[in-house]
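In numbering that gives the first Met the number 0, the protein residues as written are 0 to 1090.
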Amino acid sequence: MNWLVYQVREMDMYLTSTDTIIRSRGILLLGCVLAQLSLKPLTDAAIQSFTGFFIERLVDWKALRGALVGCLALLRRKHDVGMVTNNQAKAVAQSFMENMQVQSLGQHDRKLCFQILECLLDCYPDAVEPLGDVLVYGICESIDGEKDPQCLMLVYRIVEALAQLFPQSSGSLASYAGDLFEILGSYFPIHFTNSKCEDVDMKKEELSQALMVAFASTHFFEPYAIPLLLEKLSSDLPSTKVDSLKFLSYCTLKYGADRMKKHFQALWSALKDAILMRPQCAMSIEFDLVDGIHFQENEIMTQAVELLQTVVKQSNGSFSTIIMDDEDIKTFMNSLNELKVLGNASVQNKQRLHAVACILSAFVRSSVASCDAVYKEFFPLLMGALRISAEISSEDGLFLGTTFNFGALYLSVHLLSACKDLVFSFDGITPFHDFPSMDWCNILCGFSDSLCNSLVSLLQATAAESFPDAYIYYAVRGLQTLAMFPGSFISVPKPIFEKVLSTLISVVASDFNITFLWKTALKALVDAGLYIDQSCDAEKAASFETIVMDRIGSLISSNDLNVPLSFKLQASYDIGVIGLKFMHRVVHEWDKILSYNLSHIFVSEDVKSIRPTISLLDYYSGKILPWFHENEDSDEVLLNLTINILEKIEKSVHFSIGFQENELLDAIIEALKHGVANCSEENQERIITRAFNLISLDSLRDLKPSIISANSNGGQLSSILDGISCRDEHIASLVASVVIALRPQCRIPNPQLLLQFFLMNLHKGHIPSAQALGSLVNKLPLETDEINFNLEEATDALFNNEIWISCNPYDGKKCSIVDNSGAINISTLRLNIGAVYYKLHALVGLTWIGKGLLMRGHQEIKGITSSFLNWVLLDGNVKTLDDKGLEVLSLRKSAADAFHVLMSDSEACLNKKYHATIRPLYKQRFYNTMLPILLSSILEFDSPSTRSLLYRVFSHLIVGAPLTAVVSDAKKVVPVLVDCLCTLQDDDHDKDLIFSVLLVLSGILMEENGQEAVKENAHPMVHQLAKLLTYPYMMVVRETAIQCLTTLSNLPQSTSYPFRKEILQAISRAVDDPKKTVRQEAVRCRHAWSG
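Next up, the structure:
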């Protein structure tokens, strides 16, 4: 680092200049250079020289900034690159104490000062400790009056470091603790008055946390901190109360029980006032939610209970005596009869009930000693209020009157729950065989059997109907708590555990007509099951299997029509999600029911089984199969389901019996798709082989030799199409659903026949067959490998078929579909098969085939889209709207709408869920290819019908394209987009398309890259948007149009001013719109344009 020394020598005149500006800048430059070179080694002599120089400069207040930066840079250096020695650090500290008047400096300089102090205390404690009182007094003087948040963070850390430096009672900090805390305490509670401060909430929280650590950094602050915090608890500001409680909790932990003991009485008085005397909570009973009965606590209540639990844990039992002897607690416990009937209790009594429950629960959770004290003092009293005696045997009947004491029930359940939490907190530290020696364990053991019987009696149907839901909820919660005590816990023996399970599952199996009881019991059963599954308790798990799962199996298989299927499904599923083995058992039972129902529907023609089967299949598709997929253990379940369905259909001779309304067919298809899509390739091959057997049935054998060639006549095709039965159409739907969900690697048997099979069916208007063809061409390999059929062979087989004859539908002349080179000339395809609806169906099929090719990025899509455009532009011989003209117009519109299918995402097929082959950015590439073609066609053709259809194609194209691609072509797109809005707004069937186009327009308006195009087309755009403010067919169209107009108000005034009047006139009409959201948007728009 010789060059640095050389540079310093060269700077000598700048570092010692009498010109204060030059001198201060020179010293600051040197300090900044040292800071930047903190990782570069320096010799001891260089460090000594620099340190001496900057120490001397600390007295030069006009060049102080550079001196502070230099000192800090030197103090932060590490040992391996050369650091300041202890003597040098002590010299820095002494000079700092003698010369620095920190609070007279600016914010940045004060921050540097505090960073130096922090660095000295953290990195050089041995150097600064001998300074003793001088150091402490100097720090007190430096921090007194500091208000900047960034500096305060450093101040609190300095206090913490100072406490670690002088922990002794005879140390310097002990002497100045009162003075230092007087400064520190003035910052509590943290409060910002500067509303312009950024990230106020975050900084406040950080500052509060740092101040809390500083408060608790030394026990010397205890005589000053605790009285201050207790005083602040009486504040009327909720935030101050919360901060006081948080600080008290933290300080109690750090100061220890011995120092806090003298504050226990004052702490209890403050806590009792916050929790019991002025409880900040309100009871909320929401019967629609199983766990909706609770007291809504605010943060004061929560923090107070947390503090109480902390104090009890720290007190080693001494704090318990204070509470056990409290007269207010005793008075309340002796007046539980006032809470016997929940509906008659006052709000104040309900709040106090919850407050007492929180207090006693906190005691029970804290330690064995406090748990003993609470149980000995209050648990027998609560049992007496519930008329429960330890002497009553489990066989004795228990009388439950209509005045069952709710207050006692509520407190008992909370104490049970707290006791369970205490047991869990031991986490194996205390063996179970040690519990019998504890008082609370013996007390609970004496009452557990009778308590369990009382709670069970409360849940009996006749009792449950006479008691409010709050009683039921806490009775169930009490039983659940008893069931969740650890395995061999002596206070809750196995018979009680099994009785709880039997009671809850009995409610689930029979009391479905009492909805709240049923839901609460089911949730409790699931929670208990989850605990047992996670605890690995073999004995309890065996009991759960025997009692619960056997009953669930019986419930599923029972033919009791009084139990609604929806309750069976929900109960079995909720129990099943406890674990894989439970769900497997549930599914095994439902598989048998499904197999039985399908046999009755398809073989015995039992129409009564249709509705339950639909519900069951919907549950499979919506919940069971997705759950197995998430848990990665679904293959066997999925295979069994799909094979089960296909097997029953294959054996059926009355397959169409259940499909009068197609609901069962839809449910089966959805289940098959979910099942096949999530199966492995190996199992998918087994499924498609089984599905292929359906095509080989006698009813379809007539189709197999009918492979229609390009040279056959249309009469043969029409004859075959007319002969397809309803049953065959349903089979085609099922086979199509399997094919749609296959993985690309799956081997398909006889794919040629499968293609012809789907071709024959799509011309009956069978959309799934068209979607299956699209899926096939999307997933077939480009080259023949193990699969003896590739994409090229598939397209040959598809397009060398009579339905794609290349001829004009008006001149009757046949044309070849093969060009001179022998390749298929897809771009010349015309549809020539009988009636117009056959042509429409064939067009739909071609659309889905094109979508499959487009998504994989195949070049043949260019020919297919050319065919669609040829149909759209076909306007030659159609001059009148006769029958022939209307048919052609419908075909042309279908060809235009084909672009919607090509550019949109489908839920039914060709998506990631069904393993489609998707080339990245395929939509953007297609958009870039089609846009110039469409734009030139729009300019070329002036026929109203043709131009209208071209606008329709254009709309579908930009709606499906990525917005970024559209915005990049905004100058070309926006003028046509405005014309699209004008053309489409007259037909109510186009309302969804108009809304989608408006969304694209709003996206362009929001993008900076589209602003130039918006300015150029602002006037026609405003004119069309104003028309849409009265669009009658869809409310969101009017709302979005107004939002677009609001965005236009951000245009430069020179652009927006000419049509300001037109917009305000249009908006004045929208203000009276019948829909509130439209009126609100209109008001915002008017405000934006009026400003």
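Even for Gly, the Cβ is constructed at its ideal location relative to N, Cα and C. Everything numeric in this text was worked out from a predicted model, so none of it was measured.
8 Å Cβ shell around residue i - same chain, five flanking residues per side excluded
i      : result
ASN558 : none
ILE328 : LEU275, ILE322, VAL355, ILE358
SER997 : Note on residue identity: the sequence assigns Leu, not Ser, to residue 997. LEU980, LEU1027, VAL1036, THR1039, ALA1040, CYS1043, listed in sequence order.
Whether residue i touches residue j by CB criterion (9 Å)
i       : j      : result
PHE994  : THR945 : no
TRP847  : GLY959 : no
LEU179  : VAL158 : yes
ALA368  : ASN315 : yes
CYS370  : LEU410 : no
GLY1091 : LEU67  : Here the chain comprises residues numbered 0 to 1090, so residue 1091 is not present and cannot be evaluated.
LEU615  : ASN643 : no
ASN404  : ASN333 : no
LEU901  : THR864 : yes
GLY69   : PHE52  : yes
LEU414  : PHE378 : yes
PHE757  : ALA740 : no
GLN313  : LEU252 : yes
SER103  : GLY65  : no
PRO188  : SER207 : yes
GLN926  : ALA964 : For the sequence presented, residue 926 should be read as Tyr rather than Gln. Cβ atoms of TYR926 and ALA964: closer than 9 Å.
HIS765  : ALA796 : no
Spatial distance of residue i from residue j (CA atoms)
i       : j       : result
ASP324  : LEU560  : 59 Å
SER889  : LYS911  : 32 Å
MET1020 : MET1033 : 20 Å
THR499  : LEU450  : The residue you asked about is not Thr; residue 499 is Val in the sequence shown. Looking at the two C-alpha atoms, the distance is approximately 11 Å.
VAL871  : SER942  : 12 Å
THR514  : ILE592  : 25 Å
HIS107  : ARG75   : 18 Å
ILE832  : LYS838  : In this predicted model, ILE832 has a pLDDT of only 47, less than 50, meaning its place in the structure is not dependable; the value taken from the coordinates is given anyway. For ILE832 and LYS838, the distance between alpha carbons rounds to 6 Å.
SER233  : LYS240  : 7 Å
GLU886  : LEU873  : 12 Å
VAL576  : ASN661  : 31 Å
HIS988  : GLU859  : 32 Å
GLU588  : LEU503  : 21 Å
VAL101  : ALA256  : 38 Å
VAL518  : VAL507  : A small correction: the amino acid at residue 518 is Lys; Val does not occupy that position in the sequence shown. Their backbone Cα atoms lie some 8 Å apart in a straight line.
CYS745  : GLU681  : 8 Å
ARG1059 : ASP978  : 21 Å
GLU205  : THR84   : 34 Å
GLN1010 : PRO1073 : 33 Å
Sequence-distant residues of the same chain with beta carbon closer than 6 Å to residue i, five excluded per side
i      : result
ALA265 : LEU229
ARG156 : GLU117
LEU397 : Only weak support exists for where LEU397 lies, its pLDDT of 48 falling under 50; the value from the coordinates is given anyway. Result list for LEU397: ASN452, SER453, SER456, in chain order.
ASP132 : SER171
THR612 : ASN596
LYS375 : ASP438
Anticipated Cβ contact below 8 Å, residue i with residue j, distance rounded
i       : j       : result
ASN760  : GLU728  : 7 Å
THR480  : VAL412  : 7 Å
LEU1091 : VAL952  : With the chain covering only 0 through 1090, there is no way to say anything about residue 1091.
ALA1096 : THR217  : Look at the range of the chain in this structure, 0 to 1090, and you will see that residue 1096 is not part of it.
ALA1025 : ILE1062 : 7 Å
HIS599  : ASP590  : About 15 Å separates the two Cβ atoms, so there is no contact after all.
ALA90   : ILE54   : 6 Å
PRO750  : PHE798  : Incorrect: roughly 16 Å between the Cβ atoms, too far for contact.
PRO148  : LYS110  : That belief does not hold up - the Cβ atoms of PRO148 and LYS110 are roughly 11 Å apart, past 8 Å.
Contacts around residue i, its chain only, beta-carbon distance under 7 Å, and the 5 residues preceding and following it disregarded
i      : result
ASP844 : Looking at the sequence provided, one finds Gly at residue 844 rather than Asp. Closer than 7 Å at Cβ, skipping near neighbours: LEU761, ALA769, LEU772.
SER603 : none
PHE113 : CYS150, LEU153, VAL154, ILE157
ASP43  : GLY81
ILE495 : SER447, ASP448, CYS451, LEU481
(message) Taking contact to mean 3 or more Cβ pairs, one atom from each stretch, closer than 8 Å, check whether the stretch 910-924 and the stretch 966-974 are in contact.
(response) no
(message) Assess contact between the stretch 1002-1014 and the stretch 1039-1052, defined as three or more Cβ pairs (one per stretch) separated by less than 8 Å. Is contact present?
(response) yes
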